[in-house]
Structure formats: C-alpha cells, structure tokens
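Everything below concerns the one structure shown next.
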Amino acid sequence: MDRMTNQRLGQWATRLYIILFIVGLFILTIYTFVQPQKQTKIFEKPSLNVYHHLNEKYGDQLKCSCSLIASTYNQFVNIEPLFHEVCSSSFASDEWRVNLTAGLIPDLSTYAQIDYRRFLSAHLQFLTGLCQLSNQSVTNTIEQFISSLLVSDQLLSEIHFNEHIHLLIEQSKSNAPTIFISLLSLIRNLNHGNAIVSTYGTNFMYTFPWYNEVGPYAVSQAMIYDNECSCALYSNCTTQATFIKINSSGSIPIKGLKMGCTPSESFRMSTLECFYDQSCINLIHEYTNYTGHVTSLSLRTNQSSINITIAELITNQFIEQWSVSMNYSSYFEKCLPSLCSFTYIQQINPLYIVTLILSCQGVSTCQLEFQPIEIYPSDLDDFLKSPVIGDFNNDNRLDLAFFSALTVSINVLPGNDNGTFDAEIISEMTDYAWVDSIILDDFNHDKQLDLAFVDTDANQINVLQGNGDATFEILTTFSTGNGSSPRDIIVADFNNDSYSDIAVVNYWKNNVGIFFGYGDGNFSAQITFSTGRDSCPVSITVADCNKDNYLDIIVVNQISKNIGVFLGDGNGNFEAQRTSFVGGGSNIYPVYIAVGDFNGDSLSDIVLSYESQQVIAVMFGYPNGAFGGRMKFTMESNVDSFPLIVSDFNGDGHLDIAVGQGDLYGLNVLVGNGNGNFEVQTILSTQNYIFIPSLSVGDLNSDGYQDIIAIGDYSSSLYILLNTCQCCIANIPETSTLVHQ
0 MDRMTNQRLG
10 QWATRLYIIL
20 FIVGLFILTI
30 YTFVQPQKQT
40 KIFEKPSLNV
50 YHHLNEKYGD
60 QLKCSCSLIA
70 STYNQFVNIE
80 PLFHEVCSSS
90 FASDEWRVNL
100 TAGLIPDLST
110 YAQIDYRRFL
120 SAHLQFLTGL
130 CQLSNQSVTN
140 TIEQFISSLL
150 VSDQLLSEIH
160 FNEHIHLLIE
170 QSKSNAPTIF
180 ISLLSLIRNL
190 NHGNAIVSTY
200 GTNFMYTFPW
210 YNEVGPYAVS
220 QAMIYDNECS
230 CALYSNCTTQ
240 ATFIKINSSG
250 SIPIKGLKMG
260 CTPSESFRMS
270 TLECFYDQSC
280 INLIHEYTNY
290 TGHVTSLSLR
300 TNQSSINITI
310 AELITNQFIE
320 QWSVSMNYSS
330 YFEKCLPSLC
340 SFTYIQQINP
350 LYIVTLILSC
360 QGVSTCQLEF
370 QPIEIYPSDL
380 DDFLKSPVIG
390 DFNNDNRLDL
400 AFFSALTVSI
410 NVLPGNDNGT
420 FDAEIISEMT
430 DYAWVDSIIL
440 DDFNHDKQLD
450 LAFVDTDANQ
460 INVLQGNGDA
470 TFEILTTFST
480 GNGSSPRDII
490 VADFNNDSYS
500 DIAVVNYWKN
510 NVGIFFGYGD
520 GNFSAQITFS
530 TGRDSCPVSI
540 TVADCNKDNY
550 LDIIVVNQIS
560 KNIGVFLGDG
570 NGNFEAQRTS
580 FVGGGSNIYP
590 VYIAVGDFNG
600 DSLSDIVLSY
610 ESQQVIAVMF
620 GYPNGAFGGR
630 MKFTMESNVD
640 SFPLIVSDFN
650 GDGHLDIAVG
660 QGDLYGLNVL
670 VGNGNGNFEV
680 QTILSTQNYI
690 FIPSLSVGDL
700 NSDGYQDIIA
710 IGDYSSSLYI
720 LLNTCQCCIA
730 NIPETSTLVH
740 Q
C-alpha cells in the first residue's frame, strides 16, 4: 500500500472518529435531557366538584393546601346519643317516685327486713341520679370533642376524613364512661372499705343486748344473703326482691329486682325486667297503695335485652346508640384549599423530547441590571438605617432621608433628579436614642412631608414636622404604654375622615395600637386590639383583604407563628383577629411582611421572611381575609433581618420582591411572573461584609424605572441602585406603589 493511500485512509479514519464522537456526544446529551423528570401539576382554588374529580383521578398523590389549618369539629360533625328508654320514662322521674312512695309508711323499719318496700324509694332515686349523671357526662364528652380542633395543613380526602372522624369518635365513646365509672367505684369502695352501716339496716344489724354497756362500741353483725354471702366481706351480696304480705309469712317475688347489702349495690345487680311487664308494675302499685297509672317500657328490636343488668347499662352510660353525621362539604369550605398539586414522573415520549429541545432553543432569562453607586454621606455618619424617599424641600425632586444612630439625627440628601445627591442636611434629635420604621405623611395638613417613627426603647411614637427645607422638628410624641416595645408602624386613614391615622404593633403587650389623627398633628389616645396571648406582633401592613373597599390591618405574630388580620369597617372599628398559620418548625419564626397581588386574582397576597432562614414564603389571599397556599423560595443565605420591598422592577406589570441577604452580603430580587411564581436573581453583591437590612424604592433619576436605595447595617455605606431596565418592556409605568417595608 503506497503512501498516498495510507494518508487517504488515515484522513477517512480521523473523519469517522470525529463523526462517531459527535454522534456519541449527541446521544449522551439527548439521553441526559430525556431522563424521566419529576413534574408537578397545579390546580388553583379548586371547587368541591373539581376536587372530587381530581381525587378520583390522582388519589392520595393529590395534595391540597388548606388556607385555614384549624377548624372546630362542630362545624362539620354532629353527634346525638340515644339513651335507654328508661331514662326518659316516668320510672326515672322524681315526680313519679314521690307519688309512688307517698303511700308507704314513713318509718321503713316497720316493713320486714326482706320486704322490697325498704329498697323501692332508694332504687328509684338511684336510677334517676344515674340517668342524669350519664346524660351530663356524655354531653360533656360530646361538647369537648366538637369544640376541639381538627388541625391539618393538607385537605383530607373524604375517605380519610370519615376514617379520622370515626376513629376519634370511637376513642371518645370508649373514654366517656371512664371518669363516671371511676367516681362510682371510688364511692362504692369507700362505703364498703369503711364498713359504713346503711340507714336501711341492710348490710349490718346491731346486736342486742350489749353485754358491755359502758364500752364505747356498738356491737354489729353482718347480714347474710344468698349463697352465704356476707356483707362484711362483699358489697354485692343480693337476694331476690319480694313483697311480704301483711299478717302473713308469704312473699311475692318481683321480676329482675334484687335486694342486698346496700340499695345502690343491689340495684346494680338488678335488671329492668319488671319495668317491661305491666303486671309487675301493677304489683308495685298495689303494694305501695298507688292509684295512678304508668305504662310499661316498650321492647324495641334494636334495644338492649331486658335481662341486661343495671351495672352493664352504667358501663355504657345508658346509651343504646350513637347517631353521627358528618358534612364533608362544610369541612372543604372551612379548609378552603388554595391550590392542589399532583407530582409525577414524566416518562420518555417523543412529544416530551421535542418540547424539551424546542424549549432549549433561544430561551434565556433576562437578568435584572442595576447600576450601583456607593456613597458615604459624611465621615460622621454611621449605623445608618430606615431610608425613606420623598420630596422634603419642595423642589419636585425625590430626596433621601435616613436615620444616623451615631449622630442621633434624621439626615436628608437632597436629590438632583439624576441619581445624584447634594450635601446632607442634618436634623438632630438628641432626646431620642433609636429610630425604627420611619413613615411619611402630611400629619398636620401644611402641605409639607412629615416623619413618624417608633422609639422601641422609649415605648413611644415620635412625629417630626417637616419645614419644607429638608429639616425637621418635633411636632408631637405619644406613648404606646410601659413595656410595650413597639416594633413597626404604618400610616393610613382607618375611619375615612381624610386625616392620617397611625397603627403600631406592641411586641410585649401582644396588641395593635391605633392613634386616630385629628389633622393638626395631634392624635387620639391609643386604642388597642389584642393579637392573642404570647403572640408578640413584630410587623404590620395594611390592605383591603376582603374586597369591601375598607382598609384592613395585617400583622405578623412572631411567637404564635401566624398572620393576624383585623377586618375594618371604614369607621375605625375592626373585627376580632382572624389568623392564618404561616408554618415554621422549632425556633423558626416569621419576621417581616409585605403585601401585593402576586397571582393576578385582584386579592391581596403576602410575602414573609423567617428568622434565621434562607426562605421567603408567599401566601395567597382569600376573600374572607385568610391566607394560604404557602410557596417557599430559597435564597443563598439568611434573610431574617431584612425587610421586604414590593415593586415592579422590570415593567412587565407583575410585582417583584426585593430583599437583602446575610451571609453573602448582597441584595436579591424575586422576579414575579404574575402567577405566584418567582425567579431569584442577585442584583448586588457588596463583597465587603456589609449587611443590607434597610431598603427603599423610587424613581431617583426620572427615567420611569424603579430604583432602589440600600443602606448597609453597622456601616456608613449607602447604595444607590439605578435601574437600567435591561429587562423592561415597552410602556413602562412611570410610578410604582411602594408597599410598606
């Protein structure tokens, strides 16, 4: 083989190798792409009929999140006990017993020792008491059950719901007689153990004559009943109940009834056979000289046998049947699932492969871009926090105000409308140690922006009057109560009088305080609304949660781990708090809140951050003021110390969320798609160990895009993040509503 042939064959071998390599790489890539994928189908706010259809299709793999995780059982369960007929008959009534025994000789010792007339009144009285106590015990058990809570963050299927209720009811039925029977047993054992002599002389009899008349003891002898049973040894010794004929030694037995050591013990060994027999009842009437008429009990096919002892009836608390009705539709309405999801493994199929390949072509996520400008207002500024944006000097340009802890002052940077600022203007507040949660409004109607903030350590709210030149002076101060520790503040008009009111959360007092404004810078005394014992409210915002066009108050109750909603009526009145559980395990507590419509249903939704967690949670609102369907979004580091800002940063008409992060020292934006889902993007990484717990938003350079102000905690750094709107679409709105920090 010549040299040219070898060279040509070598070239073909190389080409074949390259082709095979490319084909192998392509196959490997396709194989990687078409591996079975876990897919999730989401069904938002399904109706009961839709849920039934989904449950039939997906079974236990269908998961539905409840908007209310706790409801009392009485809202969907009804329990009616059917007691033994004797308890509702004349035999268990005090009236019949009194009338029946009125014809007896008052001194029962007149009758023979084994004459049932000695026992009759006590037996009937015992029967009445047993029926009443059984009824009371059963009623208490039922009330305790139906007032308890069914707690579940997931909707139970109808089958699991019925099984759960039946199991709990069976447990309640078995536990119901426990206390009742235990008390009766205690009394019986005490009576027998202490050898207490019955006043009827039925368990012990005194022996006469007493041989030692000067002794302190009365000699007694135990009574002996059937089978040589001694009352000294046993309390349940009995014999057949009989009537003794007068002036005769003859006796007439009474069906089912017993006499013995004590009336209570002998009645326990008796049956109700006589009360089912009219001739037996007439016999009792005859020997008690009773002239009235009482009808015997009717023997029902589904009732207990007439031969069952009273002791067995006591064990069952005289209940023959439990009637239980459950309403699954009512339970569904109380759970009010926000969404249902079904997770499955997507198997390989041609359509999926084509869709996957097409989805990889030309699709890329647009990254938000902000131009960061780090500034240092002055060498004296340190420990900056609580930035707010507004026109403080009446030049129609947005300025920046913030609190400086080192100089104990409110500092203002006048804006130039191009993202730059002039030298700061300082308003000292030497009487105040710390400022938290600054809010803006014109509290005295002088057309100048004023400031209000909480001073947590001093337990008070301070209002600073704006002078129109970017300076401030004290207007008024009012207390939130000793030891209240106010944490967050919001301004709104709660009573529709066109004057700004202030609401505050008082952490250690477990309440929301409202100060109604008079329009002149003065406010009413604080009116409080409880957030629940040991709830510790830490954050507050407002929204119209139930679509009645009146503002409602939303608070984060940190220790009780729930959202509290106070529905307002527009006149300054609020309903009692409605709560929605926000999740969180041991030592995981919610901290900050912001509100907005994240899924386009025109209802207020909320976003939460959690203490020492890397998670942001979004919960969706319902027209009744509840929140549910919690969706979690994971950050790269903790976000617990950082307030949340809601705005539309990319101009797509969908709200986004901005939040600082801890360990990685930067700023994240969760870009919303309008359906309740978000993509996490990092827009700032400080890389110099500066926390960013304080944020504000506004258009600082009049380009129609929302910019961000970020202040580094424990530093003198202040970041101006100018939105380049790299991802913005056309027709960007000029303004964006700032939701409370």
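Its first residue numbered 0, the sequence shown is counted upward by one per residue in numbering that gives the first Met the number 0. Don't be surprised by glycine CBs; every beta carbon is placed ideally from N, CA and C.
Taking residue 93 as part of the alpha helix (DSSP H), name the residues at either end of that continuous run.
Note, residue 93: alpha helix (DSSP H), 93 to 100.
Would you check if the distance between the CB atom of residue 415 and the CB atom of residue 425 is smaller than 8 Å?
Result no, Cβ atoms of residue 415 and residue 425 do not sit closer than 8 Å.
Mind checking whether residue 295 and residue 276 have CB atoms under 8 Å apart?
Yes, the pair counts as a contact, with Cβ atoms nearer than the cut-off.
Output the distance between the C-alpha atoms of residue 14 and residue 3, rounded to the nearest integer angstrom.
Taking the straight line joining both Cα atoms gives about 17 Å.
The beta strand (DSSP E) that contains residue 63, what's its start and end?
Element bounds for residue 63: 61 to 65.
Please go through the region 419 to 471 and give each complete beta strand (DSSP E) segment of 3 or more residues, from N-terminal end onward.
If we require 3 residues or more, the beta strand (DSSP E) runs fully inside the region 419 to 471 come out as 424 to 427, 435 to 440, 449 to 454, 459 to 465.
For the alpha helix (DSSP H) that contains residue 134, what are its first and last residues?
Segment 119 to 145, the alpha helix (DSSP H) holding residue 134.
What residues in its chain sit with their C-beta under 8 Å from that of residue 150, if we drop five residues either side in the sequence?
Excluding positions up to five away in sequence, the list reads 68, 69.
Using the Cβ count rule (16 or more neighbours within 10 Å means buried), how would you classify residue 500?
Answer is buried; the Cβ neighbour count reaches 16.
Which whole-angstrom value is the C-beta distance of residue 316 and residue 76, which I expect to be below 8 Å?
The pair is not a contact, with the Cβ atoms about 20 Å apart (cut-off 8 Å).
Determine, using beta carbons only, whether residue 665 and residue 684 come nearer to each other than 8 Å.
The answer is yes: Cβ separation under 8 Å.
Does residue 311 come out as helix, strand or coil in the three-state DSSP assignment?
Note: residue 311 maps to helix in three-state DSSP.
If we ignore side chains and look at the alpha-carbon of each, how far apart do residue 703 and residue 370 end up?
Going from the Cα of residue 703 to the Cα of residue 370 covers about 15 Å.
Which stretch, first to last residue, makes up the beta strand (DSSP E) that contains residue 532?
That residue, residue 532, is in no beta strand (DSSP E); it is neither H nor E in DSSP.
Should residue 311 go down as buried or exposed, given a rule of 16 or more other Cβ atoms within 10 Å for buried?
Its Cβ having fewer than 16 others within 10 Å, residue 311 is exposed.
Flag this pair as yes or no: are the beta carbons of residue 116 and residue 203 separated by less than 8 Å?
No, they are not a contact pair.
Tell me the DSSP secondary structure of residue 79 in three-state form.
It is a strand residue.
Would residue 744 and residue 544 be called neighbours here (beta carbons separated by less than 8 Å)?
Outside the shown range of the chain (0 to 740) lies residue 744, about which nothing can therefore be said.
With DSSP as the reference, label residue 283 as helix, strand or coil.
Residue state, collapsed to three classes: helix.
Between the beta-carbon of residue 563 and the beta-carbon of residue 66, is there less than 8 Å?
Cβ atoms of residue 563 and residue 66: not closer than 8 Å.
Verify whether the separation of the beta carbon atoms of residue 176 and residue 314 is less than 8 Å.
In this structure, residue 314 lies closer than 8 Å to residue 176 by Cβ.
Since residue 403 is in the alpha helix (DSSP H), which residue starts that stretch and which ends it?
No alpha helix (DSSP H) contains residue 403, which is instead part of the beta strand (DSSP E) from 398 to 403.
Is the distance from the Cβ of residue 510 to the Cβ of residue 570 below 8 Å?
No. Outside cutoff.
Taking only the alpha-carbon atoms, compute the straight-line gap between residue 119 and residue 292 and give it to the nearest angstrom.
Spanning the two alpha carbons is a distance of roughly 17 Å.
If we count the other Cβ atoms within 10 Å of its Cβ and call it buried at 16 or more, is residue 719 buried or exposed?
It is buried - the Cβ of residue 719 has at least 16 other Cβ atoms within 10 Å.
Residue 459 and residue 472 - do their beta-carbons sit closer together than 8 Å?
Result no, Cβ atoms of residue 472 and residue 459 do not sit closer than 8 Å.
Would residue 201 and residue 218 be called neighbours here (beta carbons separated by less than 8 Å)?
Contact flag unset, no.
Taking residue 446 as the reference, which of 649, 91, 519, 320 has the closest Cα?
The candidate whose alpha carbon is nearest that of residue 446 is 519.
Among 262, 561, 7, 392, which has the Cα closest to the Cα of residue 199?
Looking at the Cα atoms, 262 is the closest of the given residues.
So, helix, strand or coil for residue 11, using DSSP?
Of the three classes helix, strand and coil, the one that applies to residue 11 here is helix, per DSSP.
On the premise that residue 329 lies in contact with residue 74, defined as a C-beta separation below 8 Å, what is that separation, rounded to the nearest angstrom?
About 6 Å; that satisfies the 8 Å criterion.
To the nearest angstrom, report how far apart residue 341 and residue 61 are at their CA atoms.
Cα to Cα, the separation comes out at about 5 Å.
What are the complete beta strand (DSSP E) segments, minimum 3 residues, inside the region 461 to 530?
Fully enclosed beta strand (DSSP E) runs of 3 or longer: 471 to 478, 485 to 491, 500 to 505, 510 to 514, 526 to 529.
Does residue 180 have its Cβ less than 8 Å from a Cβ in chain C?
No chain C appears in this structure, which consists of one protein chain only.
DSSP on residue 3, reduced to helix/strand/coil?
DSSP places residue 3 in helix when its eight states are reduced to three.
In the structure shown, what three-state DSSP assignment does residue 558 receive?
In the structure shown, residue 558 sits in coil (DSSP, three-state: anything other than H, G, I, E or B).
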